[in-house]
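Okay, so here's the structure we're looking at.
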Amino acid sequence: MVTEGIEFIDAKPETVIDYLKSRVTEKIEVNPANLKIVNGGRFLVLQLMNGKIREYPVRRTFLYKLLRWYGFPLGQLTKLSTESVTSICNDYLMNIKRGKVIVKTEKDEALSILSPDYNEITDLDIISEVTALGVRNISRNDFFLSITTEDKIKTEPVPGDKCGVGLNIVNSETGFRALTVLHYILRYTCSNEAVARISDVDDKRYHYGNEDLNLFLNEKVKRATVERKILVDKLLRLNDKKVNKSKEYYIKKIETVLGKKEATIFFDDYSDELTQYELFNLITSNAKQYDLSKRYFLESVAGEIIFSVN
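To convert, take the position in the sequence shown, counting from 1, and add 964; that gives our numbering.
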């Protein structure tokens, strides 16, 4: 029904940079009344009527972004025919009240639909800003970018179980994620990963308004460097504390992403006798089987365990 972009998982920085530099993108300002989705057979196709008709195969990100504007439950898509999805999309396009929208294309495919107020900072800009920190690897798909810096701080929460701590920076050129700076934790023994908030204050910025996002990024990176010692201290205390929330709590926490049945299976090995560090490891280990978006969500749940330590 839709096309898919390229996905990178834990890729070398130069691989992602070369790809970003080579792609051809365009931002087209258009009246939404001049947009129409048609069934192109194999894929949905966006028709853009602006003097002449231009056609773009629809990426998954474009479809999801349009549907999310109206709160459509994406999990229901598999139950609908292509004709039904086409009809819903066109109804939504006709009901956009604003006079202009931005259609973003990549390699002549419809990548996303955005408000003219969208405040963009490109993935290449982000990579350039954090290069001095040492970029360990980059994960990226059409939905978001995730950069992990070199883990220059080392710690050992349990004897023989060494961890490195760096930073994780998240961005989205398609409107699915806020610009966010987080702590990044890597267990060397099994390559399990997690991300954790820097502080109780807002560590993200949504892509709307006139704020200088480069300035926000630099300020948050500096703060994270200062706050890193607090994270390490919390990490060291995890093994001394038993889990303080029920299995049902954690199932409910992730079932919105995995579904009830899969979330229950995810926590099959949960026990009230686990330490918080063991629960942290259970989540990060099980998260590795999922795609980039789900894995990142689960790793952030693991990070919340660290942040909650008093």
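Beta carbons: idealized from backbone N, C-alpha and C, even for Gly.
Just so we're clear, the structure is a prediction, and the values are computed from it rather than from any experiment.
Cα separation between residue i and residue j?
| i | j | result |
| --- | --- | --- |
| Tyr1213 | Ser1257 | 21 Å |
| Gly1063 | Ala1160 | 40 Å |
| Glu1114 | Glu978 | 15 Å |
| Ile1085 | Tyr1170 | 11 Å |
| Leu1057 | Tyr1020 | 16 Å |
| Leu999 | Lys991 | 14 Å |
| Asp1236 | Ala1266 | 16 Å |
| Ile1133 | Leu1109 | 8 Å |
| Leu1078 | Lys1126 | 43 Å |
| Leu1012 | Ile1060 | 15 Å |
| Asp1176 | Lys1043 | 42 Å |
| Leu1262 | Gly1015 | 47 Å |
| Asn1003 | Ile1017 | 15 Å |
| Thr1220 | Val1273 | 25 Å |
| Asn1083 | Glu1157 | 30 Å |
Is it buried or exposed for residue i, if we count other Cβ within 10 angstroms and need 16 for buried?
| i | result |
| --- | --- |
| Pro1037 | exposed |
| Asn1174 | exposed |
| Cys1154 | exposed |
| Tyr1172 | exposed |
| Ser1210 | exposed |
| Pro1080 | exposed |
| Tyr1234 | buried |
| Ala997 | exposed |
| Lys1029 | buried |
Run the proximity test for residue i: is its beta-carbon closer than 6 Å to any non-hydrogen atom belonging to the ligand FAD?
| i | result |
| --- | --- |
| Asn995 | Among the components modelled here there is no ligand, and therefore nothing to report on the ligand FAD. |
Using a Cβ-Cβ distance cut-off of 7 Å, determine whether residue i contacts chain D.
| i | result |
| --- | --- |
| Glu1242 | Absent from the structure: chain D. Only one protein chain is present. |
Give me whichever residues DSSP pairs with residue i in a beta bridge.
| i | result |
| --- | --- |
| Gly1128 | Lys1118 and Leu1150 |
| Ala1158 | Ile1149 |
| Thr989 | Glu1070 |
| Glu1019 | Gln1011 |
Taking the alpha carbon of residue i as the point to measure from, which residue in the options has its own alpha carbon closest?
| i | options | result |
| --- | --- | --- |
| Ile970 | Ile1194, Glu1157, Lys1198 and Glu1073 | Glu1073 |
| Glu993 | Met965, Ser1076, Val1002 and Gly1005 | Ser1076 |
| Lys1184 | Val1009, Met965 and His1147 | His1147 |
| Leu1199 | Thr1138, Arg1151 and Ser1103 | Arg1151 |
| Thr1069 | Gly1130, Leu1222 and Glu1137 | Glu1137 |
| Asn1182 | Leu1131, Phe1231 and Arg1259 | Leu1131 |
| Ile1269 | Val1196, Asp1167 and Phe972 | Val1196 |
| Lys1217 | Ala1188, Lys1193 and Ser1264 | Ser1264 |
Could you tell me whether the stretch 1140-1153 touches the stretch 1037-1051, where touching means 3 or more Cβ pairs closer than 8 Å?
Counting C-beta pairs with one atom in each stretch, the stretch 1140-1153 and the stretch 1037-1051 have fewer than three that are closer than 8 Å, which means they do not touch.
For the stretch 1083-1093 against the stretch 1022-1038, do three or more pairs of beta-carbon atoms, one drawn from each stretch, fall closer than 8 Å, so that the two count as touching?
Judged by Cβ distances under 8 Å, the stretch 1083-1093 makes no contact with the stretch 1022-1038, as fewer than three pairs qualify.
Between the stretch 1116-1133 and the stretch 1051-1058, are three or more C-beta pairs nearer than 8 Å?
The stretch 1116-1133 vs the stretch 1051-1058: no contact.
For the 8 Å Cβ check, are there 3 or more pairs between the stretch 1099-1114 and the stretch 976-996?
The stretch 1099-1114 vs the stretch 976-996: in contact.
Any contact between the stretch 1198-1206 and the stretch 1230-1249? By contact I mean 3 or more CB pairs, one from each, below 8 Å.
Yes, since at least three Cβ pairs between the stretch 1198-1206 and the stretch 1230-1249 fall closer than 8 Å, the two stretches touch.
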